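Asks:
In the working numbering, the protein residues as written are 110 to 387.
(1) Please look up how many angstroms separate the CB atoms of residue 305 and residue 143, rounded, as I've assumed it's under 8 Å.
(2) Please state whether DSSP places residue 204 in a helix, a strand or coil.
(3) Is the beta carbon of residue 173 less than 9 Å from the beta carbon of residue 282?
(4) Once DSSP output is grouped into helix, strand and coil, what is the label at residue 212?
(5) Which residue or residues does DSSP assign as beta-bridge partners of residue 154?
(6) Tell me whether residue 216 is buried or exposed, calling it buried when 16 or more other Cβ atoms sit within 10 Å of its Cβ.
(7) Residue 160: buried (16+ other C-beta within 10 angstroms of its C-beta) or exposed?
(8) Taking 9 Å as the cut-off, decide whether the C-beta atoms of residue 301 and residue 332 are in contact.
(9) Taking the beta carbon of residue 309 as the centre, do at least 16 other beta carbons fall within 10 Å, making it buried, or is it exposed?
(10) By DSSP, does residue 229 sit in helix, in strand, or in coil?
(11) Specify the secondary structure class of residue 301 as computed by DSSP and reduced to three states.
(12) Excluding the 5 residues preceding and the 5 following residue 237 in the sequence, name in chain order all residues of the same chain whose CB lies nearer than 6 Å to its CB.
(13) Can you grab the Cα-Cα spacing for the pair residue 196 / residue 312, in whole Å?
(14) Can you tell me whether residue 268 is buried or exposed? The criterion is at least 16 other CB atoms within 10 Å of its CB, across all chains shown.
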């Protein structure tokens with residue numbers, strides 16, 4: 110007896126659910142690891158207070174590890190700002206973006222809770238929550254977070270762009286995170302990632318000026334996405350294709366295939382002596 114249409118539909122739904130659940134778990138895991146190791150590096154142990162260089166290197170390594178582990182599964186966003194940037198660039202649908210951000214916030218909270226649970230009470234302090242440092246004003250703090258996240262998101266796009274990616278995304282994105290911390294620690298403790306700020310704030314229950322670490326990074330991410338995808342390296346997606354991707358009615362890979370196929374046909378018919386690779 111031949112399988113009916115319902116059998117095929119169920120198989121497709123199972124495959125979609127498996128892929129989505131793996132991606133969401135990857136985002137949960139990546140963000141949890143990032144928060145546990147990164148925030149763990151800023152804890153003030155009496156025997157060895159953390160240096161700026163130590164914190165920057167730890168966040169670098171935590172980022173590189175998270176990206177390397179989950180890049181092929183979910184894209185290794187591990188950051189609501191990065192997810193928003195990919196949404197603006199039509200690289201991800203709105204439903205998937207919302208699910209990613211929920212998984213990232215959950216992962217950050219679990220990572221912070223685990224760190225809180227294994228850290229002695231006299232060392233926990235405020236669990237490395239992001240606050241405005243020294244005499245920095247709230248406006249300056251937002252501007253700094255905007256610039257720090259802008260350079261990070263630009264690096265993420267450049268490191269993962271299949272059109273000209275040559276190096277390791279994990280290494281390059283980790284370097285960008287370290288760069289941000291070398292400067293940002295003096296202003297805001299350096300967030301660049303709303304989930305990184307959210308997790309410890311939930312566990313400690315302190316949300317003073319927490320809005321800064323959403324407004325600054327998200328604004329910087331949107332600007333970076335517009336700069337990279339519409340000025341530096343614009344693609345050829347039509348408005349209809351962008352809307353289809355946004356609503357989740359088509360996949361990014363299918364749109365890319367449609368864009369590349371005509372180029373292949375043109376190159377084959379133009380000259381038999383010239384080999385063109387796309």
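Cβ atoms here follow ideal geometry from the backbone N, Cα and C, with glycine treated the same way.
Source: prediction; values computed, not measured.
Replies: Judging by the given coordinates:
(1) Residue 305 to residue 143, Cβ: 7 Å. Contact.
(2) In this structure, residue 204 counts as helix in the three-state DSSP scheme.
(3) The Cβ atoms of residue 173 and residue 282 lie closer than 9 Å to each other.
(4) DSSP places residue 212 in the helix class (H, G or I) of the three-state scheme.
(5) Residue 154 is bridged to 157.
(6) By the Cβ-count criterion, residue 216 is buried, with 16 or more other Cβ atoms from all chains shown falling within 10 Å of its own Cβ.
(7) Residue 160 is exposed by the Cβ-count criterion.
(8) For the pair residue 301 and residue 332, the CB atoms are not nearer than the 9 Å cut-off.
(9) The Cβ neighbour count for residue 309, taken over all protein chains shown within 10 Å, is at least 16; the residue is labelled buried.
(10) Residue 229: coil per DSSP, three-state reduction.
(11) In this structure, residue 301 counts as coil in the three-state DSSP scheme.
(12) Residues 148, 151 and 309 of the same chain have their beta carbon placed closer than 6 Å to that of residue 237, with the five preceding and five following residues left out of the count.
(13) Straight through space, the alpha carbons of residue 312 and residue 196 are spaced by roughly 29 Å.
(14) Burial state of residue 268 is buried, judged by a 10 Å Cβ sphere holding 16 or more other Cβ atoms.
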